Amino acid sequence: MAEETHVDGNALGGMLLEAFGREMTDARGCCDGCGTVQQVAEMLVFRGPGDVMRCPSCASVVIVAVTIHERNRLHLSSLRWLEPAGR
Amino acid sequence: MTFISRGFSRREATDAPSDRIPPGQYATRGFPVLSAGPTPRIGLNDWRFELIGQVDKPRAWSWPEFTALPAEDLTVDIHCVTKWSKLDTSWRGVPVDALLEGVETSADHVMAHSYGGYTTNLPLEDLTGGKAWVAYQYDGEALEPEHGGPARLLVPHLYFWKSAKWLRAIELREADTPGFWEGYGYHNYGDPWREQRYSGD
Amino acid sequence: MARTAVLRRLTWAIAEVIDRIDETPRVQSLTFDVPDWPGHLPGQHIDVRLTAEDGYQAQRSYSIATPADGNRLTLTVERLEDGEVSTYLTGVLEIGDRIELRGPIGGYFVWEPSRGGPLGLIGGGSGVAPLMAMLRARVAAGSDAPVRMLCSWRTADDVIYADELAAIARDADGVSITHTLTRSAPDDWAGRRGRFDHAALSRLAWPAEVEPLTYVCGPTGFVEAVASVLVELGHDPRRVLTERFGPTGG
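Residue numbers (this note's numbering), protein chains in the order written: chain A, 21 to 107; chain B, 7 to 207; chain C, 1268 to 1517.
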């Protein structure tokens, strides 16, 4: 089986919790590329110099997380909306 | 102050000559695979490489045509912005100079386009003068998809994100536009010897 | 008690190593004491950060392998060849040393006894670690949620928690645990051989009709293959929860 270089949105849990101040892996997100809604944990994350979160349905780049000189930055590229879970 | 972890230090370039390891890098024996997206699977029957944009006329090669071009075997050091360097990597590829032979252009800039949508930008002069290849073999074997096969751009004097995998086209442009990582905060040029990792470095 | 929805700042805490167990030649379980730890839910993970004297930093995520227990938590770490953080944690860290970690993180890949069952836990290699937190929680809480746990390992030398899993399977009502070896098995191996493929999962996983909650964790290829088979077998995709550890398994 060919090695894939992706993981999933669970891997960005810490960075998202830090940025949003609350748990986000179970947040629902809407892809601006195709309109599909899924939980952040179910989006695919490709690990390059930065982490690229892509919609599993259409592969659009939803979020890009980079760390530049120890500062974490989140690009919300093709993310139409985010809806945190729970109360 | 940040807590210091007893006994932890960055990986050293222990047996690598320091004049071959750019600042902030360490030598690796492996060949890590990094990617911004899924690995495209391109059949050689469908593969095309194009030279497009600000050129007198666009050119395209099929796989048989491309691999019939005069190619070179080369051994180079490569440097990834994530801090690993790999010394003495062996490739076979077509020099970009050969691809540009006879091409008339007033463009100074290039955008490299990959299957799957990845892009990276470079000055045209960094692709000429024996500094760049389109490589289709690594270490004597056909270049594997996870490392950019069927063919990738190879520009060893810049950080390796500029060596676009799954190369589909080289577009000559009059204006410089940032490619994928350049648009997300990485340096527009990317010289490892000046440690140009991020925009503003 | 941890509440995944409460607004809070995620700060780095300093944790002390208080115990170490060699699970296999390459895998260790490290127990930490974390002052003022807010608790965590089974399935959650923490981020570990190492800092060298020159300021160089490396960071990795590890699943918590134990249910909440005051200030204590246990990580099960596989030493990866060329693994910068895993070789430090398994090779340099000693009892009494301290590391920085933050968490708990995770709200999707989480199970608590109140979620009930039937519970499916399907893990590959070090992916079994968060499932172990769930299983240990189920046992400690005296929950009667029936459990089918499926563990996939490469060789018999790779099996983690072997004795504890055998004891749980023997002593706890309603828990069945199946191990399979995918690369090679000793002659006296009593478990299964081969991958958890369509044929194996149709026999060993909960049938879709009982509407189980299933957690799948391990290398990306393993997780995607198992999850897609479960959906083919009729499982509701919203009740198949996945955590991919990447190609190397953690």
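Positions of the beta carbon are idealized from the N, C-alpha and C atoms, including for glycine.
Remember, predicted model here, so these are calculated numbers, not experimental data.
Beta-bridge pairing of residue i - partner residues as DSSP gives them
i: CYS54/A; result: None; CYS54/A has no bridge partner.
i: TRP97/B; result: LEU80/B and TYR144/B
i: ILE1389/C; result: LEU1417/C and VAL1483/C
i: ARG1459/C; result: THR1447/C
i: HIS95/A; result: VAL84/A
i: TRP53/B; result: Its beta-bridge partners do not exist; DSSP assigns none.
i: ALA170/B; result: Paired residues: none, contrary to the question.
i: LYS92/B; result: ILE84/B
Min CB distance residue i to chain B below 8 Å
i: GLY1517/C; result: Any answer about GLY1517/C is weak, because its pLDDT of 33 lies below 50 and its placement is not dependable; what the coordinates show is given next. False, the Cβ-Cβ gap to chain B never drops below 8 Å.
i: LEU1340/C; result: no
i: PRO104/A; result: no
i: TYR1355/C; result: yes
i: THR1318/C; result: yes
i: GLU1367/C; result: yes
i: ILE1281/C; result: yes
i: ARG93/A; result: yes
i: ARG100/A; result: no
i: THR56/A; result: no
i: VAL72/A; result: yes
i: GLU1351/C; result: yes
i: ASP1303/C; result: no
i: VAL84/A; result: yes
i: PRO76/A; result: no
Beta-carbon separation (whole angstroms), residue i vs residue j, contact threshold 8 Å
i: ALA1319/C; j: ARG174/B; result: ALA1319/C to ARG174/B, Cβ: 41 Å. No contact.
i: SER1443/C; j: ALA1436/C; result: 7 Å
i: GLY1237/C; j: TRP1473/C; result: Here chain C has residues from 1268 to 1517 only, and residue 1237/C is not among them.
i: PRO1514/C; j: THR1487/C; result: 6 Å
i: VAL116/B; j: ILE27/B; result: VAL116/B to ILE27/B, Cβ: 28 Å. No contact.
i: HIS1248/C; j: GLY1394/C; result: Because chain C is modelled from 1268 through 1517, residue 1248/C falls outside the range shown and cannot be assessed.
i: LEU1340/C; j: HIS1307/C; result: 7 Å
i: GLN31/B; j: PRO151/B; result: Wrong, their Cβ atoms sit about 26 Å apart, outside the cutoff.
i: ILE1366/C; j: VAL1315/C; result: 6 Å
Interface flag, residue i vs chain C, CB-CB below 8 Å
i: SER11/B; result: yes
i: PHE14/B; result: yes
i: PHE66/A; result: no
i: HIS89/A; result: no
i: THR126/B; result: no
i: ARG174/B; result: no
i: THR8/B; result: yes
i: THR25/A; result: yes
i: ALA31/A; result: yes
i: ARG203/B; result: no
i: ALA79/A; result: no
Boundaries (first-last residue) of the alpha helix (DSSP H) holding residue i
i: PHE40/A; result: 33-40
i: MET44/A; result: Element bounds for MET44/A: n/a, residue is neither H nor E.
i: HIS1465/C; result: 1465-1471
i: LEU1342/C; result: Careful: LEU1342/C lies outside any alpha helix (DSSP H), inside the beta strand (DSSP E) at 1339-1345.
i: MET1401/C; result: 1395-1407
i: ASP1430/C; result: 1429-1438
i: ALA104/B; result: 102-105
i: SER1353/C; result: 1351-1358
8 Å Cβ cutoff, residue i in contact with chain A
i: SER41/B; result: yes
i: TYR32/B; result: no
i: PRO1334/C; result: no
i: PRO156/B; result: no
i: TRP187/B; result: yes
i: PHE1376/C; result: yes
i: VAL87/B; result: yes
i: ASP1424/C; result: no
i: ILE1372/C; result: yes
i: GLY191/B; result: yes
i: PRO1474/C; result: no
N- and C-terminal bounds of the beta strand (DSSP E) containing residue i
i: GLU71/B; result: GLU71/B -> not in any beta strand (DSSP E); alpha helix (DSSP H) instead, spanning 69-73.
i: GLU1371/C; result: Looking at the sequence shown, residue 1371/C is not Glu but Pro. From DSSP, the beta strand (DSSP E) with PRO1371/C extends over 1365-1372.
i: ASP71/A; result: 71-74
i: GLU1283/C; result: 1280-1289
i: VAL1315/C; result: 1312-1318
i: THR1509/C; result: 1507-1511
i: GLN60/B; result: Element bounds for GLN60/B: n/a, residue is neither H nor E.
i: ASN127/B; result: 125-129
i: ALA118/B; result: 115-120
i: HIS153/B; result: First-last for HIS153/B: undefined, no H or E at that position.
Quiz prompt | Three CB pairs or more closer than 8 Å across the segment 1288-1304 of chain C and the segment 117-130 of chain B | solution = By the criterion of at least three beta-carbon pairs nearer than 8 Å, the segment 1288-1304 of chain C is not in contact with the segment 117-130 of chain B.
Exercise. Mind the definition here: the segment 1279-1290 of chain C touches the segment 1322-1331 of chain C only if three or more C-beta pairs lie below 8 Å; say whether that holds.
Key: no
Practice problem: Indicate whether the contact test is met: 3 or more Cβ pairs, each with one atom in the segment 64-82 of chain A and one in the segment 93-102 of chain A, closer than 8 Å. | Solution: yes
Quiz item: Is the segment 1367-1381 of chain C touching the segment 36-49 of chain B in the sense that three or more CB pairs, one from each, lie closer than 8 Å?
Solution: no
Self-check item: Three or more C-beta pairs below 8 Å linking the segment 1405-1414 of chain C and the segment 1339-1348 of chain C
Solution: no
Quiz item: Okay, do the segment 82-98 of chain B and the segment 138-158 of chain B touch, 3+ Cβ pairs below 8 Å being the bar?
Solution: yes
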